[in-house]
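Data first, discussion second: the structure below is written as structure tokens.
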Amino acid sequence: MPQFLVGADVKWMRLRKYTYTFSAVVTLIGIASIVAHGGLNFGIDFSGGRLIHLTTNQPIAVEEVRNVVEDAGFPGAEIQEIGEHGRQFQVRVALGEDVGQPGVASPSTTITSSLESKHPGLEAVVDREETVGPKVGQELRGKALWAILWSVAGILVYIGIRYEFKFALGAVIAIFHTVFFTIAILSLLDKEFTIPIVAALLTLAGYSVNDTVVVFDRIREQRPMHRRDRLTDIIDLSVNQTLSRTMITFPTVLLPIYGLLFLGGDVIHDFAFAMLVGVTVGTYSSVFVASALALDITNWFEKRKVQPVPAAR
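Structure below.
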């Protein structure tokens with residue numbers, strides 16, 4: 035395998051105070067964004083409702099579509115332009131109590147009819163339509179949260195057994211950092227939180243811990259050979275020795291993600307975007323969060339050890 039940056043001697047742990055500050059700032063911005071938006075922008079998978087994808091034969095402004103949808107009896111509907119030149123739209127409406135009753139037109143039929151009647155010559159076609167009840171959405175939301183928590187708990191147990199509990203804490207915090215950083219970026223861009231996004235977050239948890247384990251393995255190998263060295267120097271040495279692997283793995287993982295992002299279409303776009311953000315943050319977290327926290331937690335426990343009581347004179 036080709037080697038890059040052989041013999042690098044970067045003092046990574048000296049930078050950890052700056053990276054802690056950066057991570058704290060992004061975390062606060064993410065929390066502020068979630069609060070400002072009134073919570074995460076849950077998609078139809080979790081919030082319930084009807085999702086309609088429309089295509090028109092001529093351009094139309096998204097504001098005009100919004101006005102027509104509201105006049106058709108769907109106040110508060112969310113309208114999003116998903117294609118180019120104002121021809122494709124995503125409409126999400128709440129489910130009424132009379133939906134599905136005999137003689138009651140479906141929302142998609144009502145919306146397309148209203149668009150065509152108010153804009154002569156315009157034809158609207160429904161490309162896709164999905165319906166999820168509110169109870170099902172709430173149940174899916176709970177299962178998604180438990181899936182993330184159980185996966186992180188399993189990782190904590192695994193690393194705690196394989197290495198040390200101090201290192202396991204750093205790895206788990208790094209996973210939460212990667213997941214929350216990705217959620218924060220999605221919230222800032224007002225992306226929908228859907229089941230594919232949950233799948234991306236679970237994938238990122240596995241990727242983050244895999245990258246972290248590589249560094250931890252090298253630290254465990256180096257400690258017996260450098261018993262007189264400080265843990266800071268051992269971690270720096272281990273990270274430098276794994277730089278070659280990182281320089282090969284990181285771009286290789288990004289290549290298929292870019293393919294999904296630019297060629298995969300609208301359905302998988304948000305999943306690919308979450309993966310792009312998370313893989314980048316996960317690589318950063320393995321050094322500046324997991325390894326740095328493992329160092330600081332170990333140092334904290336060392337300082338907490340009971341010191342011998344001085345003999346009385």
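Residue numbers are given in this note's numbering: position 259 of the sequence shown equals residue 293, and the series is strictly consecutive. A virtual CB, placed ideally from N, CA and C, is assigned to each residue, including glycine.
Handout entry: 6 Å Cβ shell around glutamine 92 - same chain, five flanking residues per side excluded
Key = Leu156
Exercise for the section: Out of Lys337, Arg338, Ser320 and Phe335, point me to the one whose CA is closest to tyrosine 54's CA. Expected result: Ser320
Practice task
Reducing DSSP to helix, strand and coil, say where isoleucine 116 ends up.
Solution key: coil
Handout entry: Cβ pair valine 213, alanine 324 closer than 9 Å
Key = no
Handout entry: Those residues which DSSP pairs with arginine 126 across a bridge
Key = Leu85 and Glu112
Practice task
From the DSSP output, in three-state form, read off alanine 17 for me.
Solution key: With the chain covering only 35 through 347, there is no way to say anything about residue 17.
Exercise for the section: Confirm, please, whether the CB-CB distance from isoleucine 193 to alanine 239 is below 9 Å. Expected result: no
Handout entry: Residue environment, tryptophan 184, which counts as buried when at least 16 other CB atoms sit within 10 Å
Key = exposed
Handout entry: Cβ-heavy atom distance, tyrosine 54 to the ligand MG, below 8 Å
Key = Of the ligands one can find in the structure shown there are none, so the ligand MG has no counterpart to examine.
Practice task
Leaving out five residues on either side along the sequence, give the residues of the same chain with a beta carbon under 8 Å from the beta carbon of glutamate 150.
Solution key: Leu156, Glu157 and Ala158
Exercise for the section: Look at the Cβ atom of glutamine 172, then the Cβ atom of glycine 82, and state whether they are nearer than 9 Å. Expected result: yes
Handout entry: Cβ shell of isoleucine 207 (< 6 Å), same chain only, five flanking positions each side left out
Key = Leu327
Problem - Proximity to aspartate 224 [Cα-Cα], best of Asn333, Tyr292, Ile269 and Gln114 - result: Gln114
Exercise for the section: Would you mind sorting aspartate 79 into buried or exposed? The rule is 16 or more other CB atoms within 10 Å of its CB. Expected result: buried
Practice task
Under the assumption that alanine 306 contacts isoleucine 282 (Cβ atoms under 8 Å), give the Cβ distance between them as a whole number of angstroms.
Solution key: Rounded, the Cβ-Cβ distance is 21 Å, inconsistent with contact.
Handout entry: Cutoff 7 Å; reference proline 136; Cβ partners in own chain excluding five residues on either side
Key = Annotation note: pLDDT 43 at proline 136 (below 50); position unreliable, no value reported.
Exercise for the section: Compute the distance between the beta-carbons of isoleucine 231 and alanine 308, then report whether it is under 9 Å. Expected result: yes
Problem - Span of the alpha helix (DSSP H) around threonine 212 - result: 199-222
Practice task
Starting from the Cα of isoleucine 76, find the closest Cα among Arg126, Ser142, Leu49 and Gly120 and give me that residue.
Solution key: The question names isoleucine, but residue 76 is phenylalanine in the sequence shown. When each option's Cα is compared against that of phenylalanine 76, the closest is Arg126.
Handout entry: Inside the region 270-343 only - alpha helix (DSSP H) runs reaching at least 4 residues
Key = 277-297, 300-319 and 326-337
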